[in-house]
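Chemist:
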Amino acid sequence: MSEDITGACQDAASLLRSVPTTKRIRIVSHYDADGIAAAGVLCTAVYRAGYAFQTSLMRNPFTKGFDRLKNERNELIVFSDMGSGQLETIESLGCKAIILDHHQYLRAQTSQNIRQINANLFGADGNYDVSGATLSYLFATALNPANEDLAALALAGATGDKQFIGGVRGLNKTILEDALQKGFLTEQTNIKLYGDTIADALYYSVDPYYPGLSGKSEKIETMLEQLRIKPTTSIQDIPPETITKIQSYLLFVLIKAGCQQNILEMTIRKRYVASPGWELERFADLLDACGKNGYRSLGLSLCLGDGSTWKEAMQVEKDYKQKLLTGLEGLEQGIHETKGMRYFYSDNSSLGGVIAGIATNYMLDEKKPLFSLTRKETDNEIHISCRGNQQLVRQGLDLGAVMKTVAGELGGFGGGHKIAAGATIAFGKEKEFLEKVDVLLVSQMQG
Ligand code: C5P
Ligand code: ZN
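Residue numbers for the sequence shown follow the numbering used here, so the first one is 14 and each next one is one higher.
1) Just verifying my parser: in three-state terms, what is the DSSP assignment at residue 201?
2) What residue range is occupied by the uninterrupted alpha helix (DSSP H) comprising residue 65?
3) May I ask you to report which of helix, strand or coil DSSP gives residue 129?
4) Just how far apart, CA to CA, sit residue 406 and residue 275?
5) State yes or no: is the C-beta of residue 146 nearer than 8 Å to some heavy atom of the ligand SAH?
6) Would you list the one or two residues that DSSP bridges to residue 286?
7) With DSSP as the reference, label residue 93 as helix, strand or coil.
8) Cα separation between residue 302 and residue 329?
9) In whole angstroms, what is the alpha-carbon distance linking residue 404 and residue 339?
10) Note down, one range per segment and in chain order, each alpha helix (DSSP H) of at least 4 residues found wholly within the region 218-289.
11) Is it the case that the Cβ atoms of residue 38 and residue 91 are separated by a distance below 9 Å?
12) Specify, as a first and last residue, the run of the alpha helix (DSSP H) that residue 46 falls within.
13) For the ligand C5P, is there a heavy atom less than 8 Å away from the beta-carbon of residue 303?
14) Pick from 433, 426, 418, 393: whose alpha carbon is nearest that of residue 401?
15) Going by DSSP, what residues sit across from residue 440 in a beta bridge?
16) Compare the C-alpha of residue 362 against each of 437, 416, 117, 205 and name the closest.
17) Out of 246, 40, 135, 149, which one is the CA nearest neighbour of residue 206?
18) Cα-Cα, which of 106, 70, 82 is closest to residue 95?
19) Where does residue 18 fall in DSSP's three states?
20) Would you kindly work out how many angstroms separate the C-alpha atoms of residue 237 and residue 216, rounded to a whole number?
21) At a threshold of 8 Å, does residue 174 count as lining the ligand ZN (C-beta to nearest heavy atom)?
22) Under three-state DSSP, which class holds residue 385?
23) Which word fits residue 121, buried or exposed, when buried means at least 16 other C-beta atoms lie within 10 angstroms of its C-beta?
24) Hey, residue 163 and residue 150 are a contact pair by Cβ (cut 8 Å); roughly how many whole angstroms apart?
Structural data, given as structure tokens:
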């Protein structure tokens, strides 16, 4: 194994170049904003290197996804934003593979034809220093330095993974500074407000979620009336001093809701605009909405620069946000509480994880992590998503470890990060799962 990420990326780039350009490169990535951006970076880099490619965006490459890959007889597969947790299955595919991951890994050693570049194996913090997309960017620039123009796309992935909470750090920071210096990005300080009108922007704001305002048209109208702003005004037509008033009002809403300092700091902060005109977090929101609302390839087409799909993607985003708002409405009544955790049931596992994240940051107190459970009787499975906060992580919370341990003990799969993780277990194991998780969480947070 090389000692630094740059060397490891060069080594992996050589492995890719050993494949003749007559062969197709297979790319497998995660279906969230970071994973889609990572796939965008890789598809572009591989295409520029003269290869045809085929890409899949997977939730997690469980058995079904892997069966498909096995039957394809690929020469080389690049896994991004996933792979380290599935190392054994990847080894069983028997082909060459490059893993570019920042989630918790199972082991450092791999079989000879596999290069595992996991951020955590190289002294970087996979939660905040480098994401699936920024790691893919490092690989892409090792393949060809001219791929540096993909920095904005990669950083959109990192911000989509909430890596900029508490400030931009590590390799993300190096990539950001370089991109600013080379003019791929420009910097501005403001709040996240986007939409056709100011009323629209506030209505669909889910991250930040403004309790008592987001998703509530009448409340928004009252607020805007007090500030003497017509709801139909476009955001760019609002004078700067009025924008300042809106920002102060929104910040006050979040403080009143008891949001943690790091969340407040994320609200009004430096933002980065890519040369096509999109702000990184705004673009990441669009990718996330496409991925989690059943339009994965639409998200990827945006990353590949297909401007004709923006309008459709924005409609998908509105629809997705409405689903989140509906899920958040009345959520508190559906929450169960044990000693170490809170949990609720959701019909849709992808939305459940996002709702758990929003509720953790903007609705509930900071004392316990929140779990979303989705029972899928047809597949005889239960999907679990869980989200914590930085305060709990400082206390010892490691959701990725809990999911990996408990799901593993019950014959399922699990893993992720300290602050956000997921698992899949058999349908009948729910009660046992909850009991075991509770015990582990209590001991983590005491320790
Ligand atoms: O599925 P969900 O979005 O809740 O997953 C949260 C995080 O945990 C993601 O980063 C995901 O990749 C990771 N995860 C994992 N292994 C699983 C399920 C989720 O590493 N089996
Ligand atoms: Zn990621």
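Ideal Cβ positions, reconstructed from N, Cα and C, are used throughout, including at glycine. Nothing here was measured: the structure is a model prediction, and the numbers come from that model.
Modeler: The structure says:
1) Against the sequence shown, residue 201 aligns to sequence position 188. If DSSP states are grouped into helix, strand and coil, residue 201 belongs with the strands.
2) In the sequence shown, the residue the question calls residue 65 occupies position 52. Where residue 65 is concerned, there is no enclosing alpha helix (DSSP H), although the beta strand (DSSP E) it sits in stretches over 65-71.
3) Working through the sequence shown from its first residue, we reach residue 129 at position 116. Strand.
4) The residue given as residue 406 occupies position 393 in the sequence shown. The residue given as residue 275 occupies position 262 in the sequence shown. Going from the Cα of residue 406 to the Cα of residue 275 covers about 13 Å.
5) With respect to the ligand SAH, the structure offers nothing, as its ligand set consists of the ligand C5P and the ligand ZN.
6) What you label residue 286 is simply residue 273 of the sequence shown in a count that begins at 1. DSSP, once it has assigned bridges, lists 199, 292 as partnering residue 286.
7) As a position in the sequence shown, residue 93 is number 80, starting the count at 1. Strand.
8) Indexing the sequence shown from 1 puts residue 302 at position 289. Indexing the sequence shown from 1 puts residue 329 at position 316. Taking the straight line from one Cα to the other gives about 7 Å.
9) Within the sequence shown, the letter at position 391 stands for residue 404. Within the sequence shown, the letter at position 326 stands for residue 339. C-alpha separation (whole angstroms): 28 Å.
10) 230-239, 253-269, 274-280
11) Reading the sequence shown from its first residue, position 25 is the one you call residue 38. Reading the sequence shown from its first residue, position 78 is the one you call residue 91. For residue 38 and residue 91, yes; Cβs fall inside 9 Å.
12) By one-based count along the sequence shown, residue 46 stands at place 33. Start and end: 46-61.
13) In the sequence shown, the residue the question calls residue 303 occupies position 290. The answer is no for residue 303.
14) As a working mapping, residue 401 is identified with position 388 in the sequence shown. If we check each option's Cα against that of residue 401, 433 comes out closest.
15) For the purposes of this step, residue 440 is taken as the residue at position 427 of the sequence shown. DSSP, once it has assigned bridges, lists no residue as partnering residue 440.
16) The sequence position of residue 362 within the sequence shown is 349, counting from 1. Residue 362 has its Cα closest to that of 437, out of 437, 416, 117, 205.
17) For this step, residue 206 is matched to residue 193 along the sequence shown. Ranking 246, 40, 135, 149 by Cα distance to residue 206 puts 246 first.
18) Working through the sequence shown from its first residue, we reach residue 95 at position 82. Distance from the Cα of residue 95 is smallest, within the candidate group 106, 70, 82, for 70.
19) Residue numbering aside, residue 18 sits at position 5 when the sequence shown is read from its first letter. It is helical.
20) Working through the sequence shown from its first residue, we reach residue 237 at position 224. Working through the sequence shown from its first residue, we reach residue 216 at position 203. Computed Cα separation, rounded: 12 Å.
21) If you number the sequence shown from 1, residue 174 lands on position 161. Residue 174 Cβ: within cutoff of the ligand ZN.
22) In the sequence shown, counting from the first residue as 1, residue 385 sits at position 372. The answer is strand: DSSP assigns residue 385 an E or B state.
23) Translated into positions along the sequence shown, residue 121 becomes position 108. The residue is exposed, with fewer than 16 neighbouring Cβ atoms inside 10 Å.
24) Counting from one through the sequence shown, the residue named residue 163 turns up at place 150. Counting from one through the sequence shown, the residue named residue 150 turns up at place 137. Indeed they touch by this definition, with Cβ atoms about 6 Å apart.
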